[in-house]
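Visitor: Residue numbers (the numbering used here), protein chains in the order written: chain A, 62 to 382; chain B, 3 to 269.
Beta carbons: idealized from backbone N, C-alpha and C, even for Gly.
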Amino acid sequence: MTSEAYKDRMVLTIKGVGHWFGKHRVLHDVNLEIVRGEIVGVVGPSGCGKSTLFRAIVGTHPPRGGEIRVCSGEGVGALVRGPGRDRGIVYQQYSLFPFLTAQENVAFGLMVDESSIPYRLLMYPKWRKMRAQHMEQAAEFLERVDLGHAMRLYPGNMSGGMRQRVAVAQALIMKPEIILLDEPFGALDEATREELQCMLLNLYLENLDALRQNQKPPYTILLVTHELNEAIYVGDRVVGLSQYWDWKSEGFDACPGATVVYDRTAPVELPGGERKYEAYDRQRHEIRSTVFDPPAPVDRRKAQTFWEELADPRNRQGVLQ
Amino acid sequence: MIRQAIGSKWVVALGVVSVVALVGAYAALSHHQHQVNPDDRTIPTWSQLKDGFVKIVEVNARSEERWLVVDAKATGKRLFLGLLCGIGGAMLLGMMMGCLAPVEAVFHPPLALLAKLPPTAMLAVFFVLVGTDTNMYVAMIAFGVLPSLAQTVYLSVKDVPDEFLYKAYTLGASHLEVVWNVVFRQVLPKLIDAVRLQLGPAMVYLIAAEMVVGDVGFGYRIRLQSKLLNMDVVFPYLVILAVFGFTMDYALLKLQRKICPWYAYDK
Chain A
62 MTSEAYKDRM
72 VLTIKGVGHW
82 FGKHRVLHDV
92 NLEIVRGEIV
102 GVVGPSGCGK
112 STLFRAIVGT
122 HPPRGGEIRV
132 CSGEGVGALV
142 RGPGRDRGIV
152 YQQYSLFPFL
162 TAQENVAFGL
172 MVDESSIPYR
182 LLMYPKWRKM
192 RAQHMEQAAE
202 FLERVDLGHA
212 MRLYPGNMSG
222 GMRQRVAVAQ
232 ALIMKPEIIL
242 LDEPFGALDE
252 ATREELQCML
262 LNLYLENLDA
272 LRQNQKPPYT
282 ILLVTHELNE
292 AIYVGDRVVG
302 LSQYWDWKSE
312 GFDACPGATV
322 VYDRTAPVEL
332 PGGERKYEAY
342 DRQRHEIRST
352 VFDPPAPVDR
362 RKAQTFWEEL
372 ADPRNRQGVL
382 Q
Chain B
3 MIRQAIGSKW
13 VVALGVVSVV
23 ALVGAYAALS
33 HHQHQVNPDD
43 RTIPTWSQLK
53 DGFVKIVEVN
63 ARSEERWLVV
73 DAKATGKRLF
83 LGLLCGIGGA
93 MLLGMMMGCL
103 APVEAVFHPP
113 LALLAKLPPT
123 AMLAVFFVLV
133 GTDTNMYVAM
143 IAFGVLPSLA
153 QTVYLSVKDV
163 PDEFLYKAYT
173 LGASHLEVVW
183 NVVFRQVLPK
193 LIDAVRLQLG
203 PAMVYLIAAE
213 MVVGDVGFGY
223 RIRLQSKLLN
233 MDVVFPYLVI
243 LAVFGFTMDY
253 ALLKLQRKIC
263 PWYAYDK
């Protein structure tokens, strides 16, 4: 089985993406196809270009080579040429505007998307009505992430976990095709981190419900993390980027940049379920020895078996069924 | 211990003590001076100061004007217009320099040079370029505060993390919305801080210019009365200047807390 079977459900297609800064090669021939509704954990050693890949997807730093397409309906999707509201992002730091309350932060996207500065100035009475609706919607989203009590707090008054919840709500309210989480829980304590992981799994559950009702799964998430357990636990797929691949066998004199060396399914977990991290041992070891610390340069295609795995119906779990 | 907080009662008490000490030191000095020379006018007594204050608020027999009113009007107008031009220009220039690389490339070098030039030294240039009326004072204050204010705004804009801009774009903001709704909002409290710091220098430039070429205003009056050794008039003028500066500073601080309540938490 190849990705062809999921062709109509693709939301993000990355083809032959390469990026470099001067002589420094960062990414080389990155290929990835993401199915709508997936949560994909992206892992890799420091400096392997995960953030560069995210910036390319967000559109703030388009790739030097290859193409990235985001599909909102049918067809091949629109080429990413710059930032757009079809892609939401949550950063580890600076995830919220410090000068807005939690509610205003969540409503910010609705404001800039549905009105303009002249509209807000010249049609003030109409804008006030619209603003009230935006604030109401923002309140609903904050309730969904259990922050109904914190609507009027400024980010400076919130804990790290609260800030990241608000940031996720800020991205969700815009209903983007794909949400990029760039190490969003990196600076949080273990308990808060687990709470937020559950929050993501709840979103996955909503995806499954939507599929059952023959609707488009609303949330597709790419999660960059340093925690392998987190990538396996939250993701239904793990992608590894690494610079330690066998580029010599492909005729290069020097490393042309990091590329995808690992792409496999991960077990689908449900929120609130027992965390059996020991069951992830085999996959953790596999990722370590392929992505982080390979004993010898690896064949980059050897552990890219995601689509082959799906040939076996038993491996088609979650939104991939 | 360093940075260990003290109770608010202690803060108030120590503040009162420092003011009382200042007033007490002046009273002691004045008393000592008048024991040496009972007719002394260089360090006036409280009663002399009261007479001086009455002199500046009542209608002057010769000019038929109240000195304080005409001086306050002239100085206030010059200061207000100068600050308005300086702050407005600095805001515009600093924002454009921070947001647009070509504007940064064009204006950064001359601004860095001009920021080091004392505006009072340029008095003759303003004299030639804009004459000796209000325009000269306005130009000097604006020129005096603009370079450093513009640099503050420019550096503050540069300090806005890229992530905020990227996030705003992904939420659907236009370039103008990113500038107005993200960058400006982030920079505003720092601009108010910078204006607070520039109030003192702006008053220095104005008073100095009024002392040199003015025919009305606080600087003019202080210079004239100093020459006549009428310190009973000079001191009230100085107190009024200090109270005015303090009030402006306090008002700006209150304004900052009102329109940027997040800034205290963020710091």
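Give the interface partners of Lys169(B) over in chain C, defined as CB-CB distance under 7 Å, in chain order.
Guide: Going by chain labels, chain C is absent from the structure shown, which instead holds the protein chains A and B.
Visitor: CB-CB under 8 Å to Gly388(A), same chain, minus the five flanking residues each way: which ones, in chain order?
Guide: This structure leaves residue 388(A) out entirely; chain A is present only between 62 and 382.
Visitor: Could you please tell me which residues of the segment 168-199 of chain B, in chain order, have their CB closer than 9 Å to any CB of chain A?
Guide: For the segment 168-199 of chain B, which is checked against every Cβ of chain A, the residues closer than 9 Å are Tyr168, Lys169, Ala170, Tyr171, Thr172, Leu173, Gly174, Ala175, Ser176, Leu178, Glu179, Val180, Trp182, Asn183, Val184, Arg187, Gln188, Leu190, Pro191.
Visitor: Relative to chain B, which residues along the segment 119-130 of chain A have a C-beta separation below 9 Å, given in chain order?
Guide: Correct list: Val119, Gly120, Thr121.
Visitor: At which residues does the alpha helix (DSSP H) containing Thr253(A) begin and terminate?
Guide: Counting along the chain, the alpha helix (DSSP H) containing Thr253(A) begins and ends at 251-273.
Visitor: Run through chain B and tell me which residues come within less than 9 Å of Met223(A), C-beta to C-beta.
Guide: Result: empty, since nearest Cβ-Cβ is about 13 Å, beyond 9 Å.
Visitor: Using a C-beta cutoff of 8 Å, does Cys101(B) count as contacting chain A?
Guide: Answer no: the Cβ-Cβ gap between Cys101(B) and chain A never drops below 8 Å.
Visitor: Between the alpha carbons of His85(A) and Gln304(A), how many angstroms are there, rounded?
Guide: Cα to Cα, the separation comes out at about 12 Å.
Visitor: From this set, Leu331(A), Leu161(A), Gly105(A), Val352(A), which residue's C-alpha is nearest Tyr265(B)'s C-alpha?
Guide: Of the candidates Leu331(A), Leu161(A), Gly105(A), Val352(A), the one whose C-alpha sits nearest the C-alpha of Tyr265(B) is Leu161(A).
Visitor: According to the Cβ coordinates, are Ala240(A) and Val299(A) closer than 8 Å?
Guide: The identity of residue 240(A) in the sequence shown is Ile, whereas the question assumes Ala. Contact: no.
Visitor: If Phe61(B) and Glu67(B) are in contact, beta carbons under 8 Å, what's the gap, nearest whole angstrom?
Guide: Checking the sequence shown, residue 61(B) turns out to be Val, not Phe. Correct: roughly 7 Å between the Cβ atoms.
Visitor: Residues of chain B with CB closer than 9 Å to the CB of Met235(A), please, in chain order.
Guide: In chain order: Thr172, Leu173, Gly174.
Visitor: Taking the C-alpha atoms as reference points, what is the distance between Pro81(B) and Gly9(B)?
Guide: Sequence check: residue 81(B) is Leu here, not Pro. Roughly 38 Å separates the two Cα atoms.
Visitor: Report all residues from its chain with a CB closer than 6 Å to the CB of Gly296(A); omit the five preceding and five following residues, and keep chain order.
Guide: Ile100, Val101, Gly102, Ala327, listed in sequence order.
Visitor: Do Pro358(A) and Asp314(A) have their C-beta atoms closer together than 8 Å?
Guide: No. Outside cutoff.
Visitor: Taking a contact to mean a Cβ-Cβ separation below 8 Å, would you say Arg223(B) touches Tyr239(B) in this structure?
Guide: Going by C-beta atoms, Arg223(B) is nearer than 8 Å to Tyr239(B).
Visitor: For Met62(A), I'd like the list of residues in its chain whose CB is within less than 8 Å of its CB, leaving aside the five on either flank, ordered along the chain.
Guide: Confidence at Met62(A) is low in this model, with a pLDDT of 47, below 50, so its placement is unreliable and the value that follows should be read with caution. Excluding positions up to five away in sequence, the list reads Trp368, Glu369, Leu371, Ala372.
Visitor: Is there a Cβ of chain A sitting closer than 8 Å to that of Asp268(B), yes or no?
Guide: Taking Cβ atoms only, chain A reaches closer than 8 Å to Asp268(B), which makes this a yes.
Visitor: Quick check: is the beta carbon of Gly217(A) nearer than 8 Å to any beta carbon in chain B?
Guide: At least one chain B Cβ lies under 8 Å of Gly217(A).
Visitor: Using 8 Å as the limit for Cβ to Cβ distance, is Gly110(A) near chain B?
Guide: By this cut-off, Gly110(A) is not an interface position.
Visitor: Would you kindly check if the distance between the Cβ of Gln198(A) and the Cβ of Ile234(A) is under 8 Å?
Guide: Contact flag set, yes.
Visitor: At 7 Å on the CB atoms, spell out the chain B contacts of Gly170(A), in chain order.
Guide: By Cβ distance, chain B contributes Leu173, Gly174.
Visitor: With a threshold of 8 Å between beta carbons, is Met62(A) in contact with chain B?
Guide: With a pLDDT of 47 at Met62(A), under the threshold of 50, the modelled position of that residue is not reliable, and the figure given next carries that caveat. Judged by the 8 Å Cβ criterion, Met62(A) is not in contact with chain B.
Visitor: Determine the contact status of His210(A) and Glu244(A), defining contact as a CB-CB distance below 8 Å.
Guide: Result no, Cβ atoms of His210(A) and Glu244(A) do not sit closer than 8 Å.
Visitor: Could you confirm whether any beta carbon from chain A is found closer than 8 Å to the beta carbon of Met3(B)?
Guide: No, its Cβ sits nowhere closer than 8 Å to a Cβ of chain A.
Visitor: Let me know the secondary structure DSSP gives Glu370(A) once reduced to three states.
Guide: Reduced to three states, the DSSP call for Glu370(A) is helix.
Visitor: Thinking just about the alpha-carbon of each residue, which of Leu183(A), Gly145(A), Asp90(A) is nearest to the one in Ala319(A)?
Guide: Comparing Cα positions, the closest option is Asp90(A).
Visitor: Please go through the same chain and pick out, in chain order, the residues whose beta-carbon is closer than 7 Å to the beta-carbon of Asn268(A), but skip the five residues on each side of it.
Guide: Contacts found: Gly98, Pro278, Pro279, Tyr280, Val380.
Visitor: Answer yes or no: does any C-beta atom of chain B fall closer than 8 Å to that of Asp174(A)?
Guide: Closer than 8 Å to some Cβ of chain B, the Cβ of Asp174(A) qualifies, so yes.
Visitor: Leu88(A) and Gly110(A) - do their beta-carbons sit closer together than 8 Å?
Guide: A contact, by the Cβ cut-off of 8 Å.
Visitor: Roughly how many angstroms separate the alpha carbons of Ala117(A) and Cys259(A), rounded to a whole number?
Guide: The straight-line gap from Cα to Cα measures roughly 28 Å.
Visitor: Going by Cα to Cα distance, which pick from Leu289(A), Gly126(A), Pro356(A), Ala364(A) is closest to Glu339(A)?
Guide: If we check each option's Cα against that of Glu339(A), Leu289(A) comes out closest.
Visitor: Within this structure, are the beta carbons of Glu94(A) and Ser64(A) separated by less than 8 Å?
Guide: For Glu94(A) and Ser64(A), yes; Cβs fall inside 8 Å.
Visitor: Compare the C-beta of Phe353(A) with all C-beta atoms of chain B and state if any pair is closer than 8 Å.
Guide: No, Phe353(A) does not count as interfacial toward chain B.
Visitor: So the beta strand (DSSP E) Leu114(A) belongs to, where does it begin and stop?
Guide: No beta strand (DSSP E) contains Leu114(A), which is instead part of the alpha helix (DSSP H) from 111-119.
Visitor: How would you write the range of the beta strand (DSSP E) that Arg223(B) sits in, first residue to last?
Guide: Taken as a continuous stretch (DSSP letters only), Arg223(B) belongs to no beta strand (DSSP E), being part of the alpha helix (DSSP H) at 220-229.
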